[in-house]
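Chemist: The following block contains the structure, expressed as structure tokens.
Protein chains: 2
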Amino acid sequence: MLRRYGPAKATVVDVARALGVSHGSVYRHFRSKTALREAVTERWLDQEHDSLSRIARAKGPAADRLEDWLLTLFAAKRRKAGVDPELFATYLALATENSEIAARHVETMVGQLTTIVESGIASGEFTMRDARVTGRALWDATAQFHDPVYAPRWSDPDMDPAFAAVCELLLDGLRAR
Amino acid sequence: MLRRYGPAKATVVDVARALGVSHGSVYRHFRSKTALREAVTERWLDQEHDSLSRIARAKGPAADRLEDWLLTLFAAKRRKAGVDPELFATYLALATENSEIAARHVETMVGQLTTIVESGIASGEFTMRDARVTGRALWDATAQFHDPVYAPRWSDPDMDPAFAAVCELLLDGLRAR
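If you read the sequences in order, they're chains G and F.
Mapped onto this note's numbering, the consecutive letters of the first sequence carry residue numbers 981 to 1157.
Mapped onto this note's numbering, the consecutive letters of the second sequence carry residue numbers 981 to 1157.
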């Protein structure tokens, strides 16, 4: 229903009708339209978590995995914005409203970045530093490549070189000297 | 007029009335309301250029100047968003519309960052790399601390530690090893 009507127009009644149940039945599982919208968006966001998590936990040089992780995230966000504009709009609305779903998504992403940083520190590849703070800094410094507010710019031809330059600078900051 | 009525409601007629001239006189200098709005916003944005330019061109370690420059920019943007919300909204609208004024502002800012990077490379303090590409990467990686779309978050208590962590990581990336 979100895909068909968009976040502003899709209603719980539409959802109930499509399921062949009363809207009361839907409300027994989701206490409001917002809660339902959040649950759908969370599941949609989670689609990428597995492939990203696999990269974060793989073997091999931490720098390569970090770059691979960031590239995979950027590609997934671009794809979602391009092929699934209605669900992307729902996600953008949640992100702007500081919803818990958006916060939880960021939490998971920062956690995976922290895992990569920890493994790089453990192997001596990265300088010793607070892995959690660094994971967050990596997330913040790459906002242009995953924050949905920037989606209108993701098709610009200069986004790929911009991404490569930011990545290189961040990796150089992490590397042990 | 932009301060009093906001970007959506301020009109060329309001401006002409405040100046005691006909609106035709205003149009002789600015061909549209958009052109007038852009000129005002550009002058307003330029207020910070001098102090930032002074930091970019000063003597002393490039790393210190870079940090000082980024701190000064972030403080100026926060102040503008806080004390001048109507002009800030005008600026945000221009930034979102990809106006030439916003592009020119970014151009100037990236130019100053490039100047700092060049001086750090020249003194041997920073690793040799393309100064222009690096200036742009520094701008991109610090978007959360100057892009007007993030203004609603700038009063969050975690913005200062987030800024410090991003800054530290970027400076470590620049430093010669």
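C-beta atoms are modelled at their ideal positions from N, C-alpha and C, and glycine is treated no differently.
If you're wondering where the values come from, they're calculated on a predicted model, not measured in any experiment.
Give me the Cα-Cα distance between PRO1137/F and ARG1155/F, rounded to the nearest whole angstrom.
Modeler: Taking the straight line from one Cα to the other gives about 29 Å.
Chemist: How would you label HIS1009/G, buried or exposed, when you count the other beta carbons within 10 angstroms and need 16 or more for buried?
Modeler: Label assigned to HIS1009/G: exposed.
Chemist: Return the first residue and the last residue of the alpha helix (DSSP H) that PRO1041/G is part of.
Modeler: Careful: PRO1041/G lies outside any alpha helix (DSSP H) and carries neither H nor E.
Chemist: In three-state terms, what does DSSP make of ARG1023/G?
Modeler: helix
Chemist: Would a check of beta-carbon distances place VAL1113/G closer than 8 Å to chain F?
Modeler: yes
Chemist: Which of the three DSSP states, helix, strand or coil, is assigned to PHE1106/G?
Modeler: strand
Chemist: Identify, in the order they occur along the chain, each residue of the same chain with its Cβ nearer than 7 Å to the Cβ of LEU1150/G, setting aside the five sequence neighbours on each side.
Modeler: LEU1118, ALA1121
Chemist: How many angstroms separate the CA atom of CYS1147/G from the CA atom of ARG1011/F?
Modeler: 43 Å
Chemist: Anything in the segment 1143-1156 of chain G with a Cβ closer than 7 Å to a Cβ of chain F? List those residues in chain order, please.
Modeler: ALA1145, VAL1146, LEU1149, LEU1150, ASP1152, GLY1153
Chemist: On the criterion of 16 or more Cβ atoms from any shown chain inside 10 Å, does PRO1128/F qualify as buried, or is it exposed?
Modeler: buried
Chemist: Using 8 Å as the threshold, is the C-beta distance between VAL1006/G and ALA998/G below it?
Modeler: no
Chemist: Could you check the C-alpha separation between GLU1077/G and LEU1050/G for me, to the nearest Å?
Modeler: 25 Å
Chemist: Distance cutoff 8 Å, beta carbons only. Does ASP1120/F sit that close to anything in chain G?
Modeler: Answer yes: the Cβ-Cβ gap between ASP1120/F and chain G drops below 8 Å somewhere.
Chemist: So, using beta-carbon positions, are GLY1115/F and PHE1106/F closer together than 8 Å?
Modeler: no
Chemist: Count the other C-beta atoms from every protein chain shown that fall within 10 angstroms of the C-beta of GLY1153/F, then say buried if there are 16 or more, exposed otherwise.
Modeler: With 16 or more other Cβ atoms within 10 Å, it is buried.
Chemist: Let me know the secondary structure DSSP gives ARG1011/F once reduced to three states.
Modeler: coil
Chemist: Give me the subset of the segment 1066-1086 of chain G whose CB atoms are less than 8 Å from a CB atom of chain F, sorted by chain position.
Modeler: Against chain F - using a Cβ distance shorter than 8 Å - the segment 1066-1086 of chain G contributes no residues.
Chemist: Starting from ARG1116/F, find everything on chain G with Cβ-Cβ shorter than 8 Å and list it in chain order.
Modeler: Neighbours of ARG1116/F on chain G, chain order: ALA1142, ALA1145.
Chemist: When you compare the CB of VAL1129/G with every CB in chain F, is at least one pair closer than 8 Å?
Modeler: yes
Chemist: Assuming LEU982/G contacts GLU1018/G (C-beta within less than 8 Å), just tell me the rounded distance between them.
Modeler: Incorrect: roughly 11 Å between the Cβ atoms, too far for contact.
Chemist: Is any beta-carbon of chain G found at less than 8 Å from that of ALA1123/F?
Modeler: yes
Chemist: Pick from VAL1001/G, ARG1034/G, ALA990/G, ASP1030/G: whose alpha carbon is nearest that of LYS1013/G?
Modeler: For the options VAL1001/G, ARG1034/G, ALA990/G, ASP1030/G, the alpha carbon positioned closest to that of LYS1013/G is the one of ALA990/G.
Chemist: Ordered along the chain, which non-local residues of its own chain (more than five positions away) have a Cβ less than 7 Å from that of SER1103/F?
Modeler: Same-chain partners within the cutoff: ALA1042.
Chemist: Cβ atoms of THR1088/G and THR1021/G: under 8 Å apart, would you say?
Modeler: no
Chemist: Suppose you measure from the CA of ILE1035/F to the CA of VAL1086/F; what does that come to, to the nearest Å?
Modeler: Answer to the nearest angstrom: the Cα atoms are 17 Å apart.
Chemist: Could you tell me the boundaries of the alpha helix (DSSP H) in which GLU1077/G lies?
Modeler: Note, GLU1077/G: premise wrong, no alpha helix (DSSP H); not H, not E.
Chemist: Hey, ALA1083/G and GLU1098/G: beta-carbon distance below 8 Å or not?
Modeler: no
Chemist: Determine the DSSP secondary structure at ARG1157/F, reduced to helix, strand or coil.
Modeler: DSSP, read as helix, strand or coil, puts ARG1157/F in coil.
Chemist: Determine the extent of the alpha helix (DSSP H) in which ARG983/G is found, giving its start and end residues.
Modeler: 982-989
Chemist: Rounded to the nearest angstrom, what separates GLY986/F and ARG1133/G at their Cα positions?
Modeler: 27 Å
Chemist: If we count the other Cβ atoms within 10 Å of its Cβ and call it buried at 16 or more, is ARG1059/F buried or exposed?
Modeler: With fewer than 16 Cβ atoms within 10 Å of its Cβ, ARG1059/F is classed as exposed.
Chemist: What residues in its chain sit with their C-beta under 7 Å from that of ILE1081/F, if we drop five residues either side in the sequence?
Modeler: GLU1018, THR1021, GLU1022, LEU1074
Chemist: Whose C-alpha, out of LEU1067/F, GLN1027/F, ALA1015/F, LEU1093/F, is nearest the C-alpha of ARG1037/F?
Modeler: LEU1093/F
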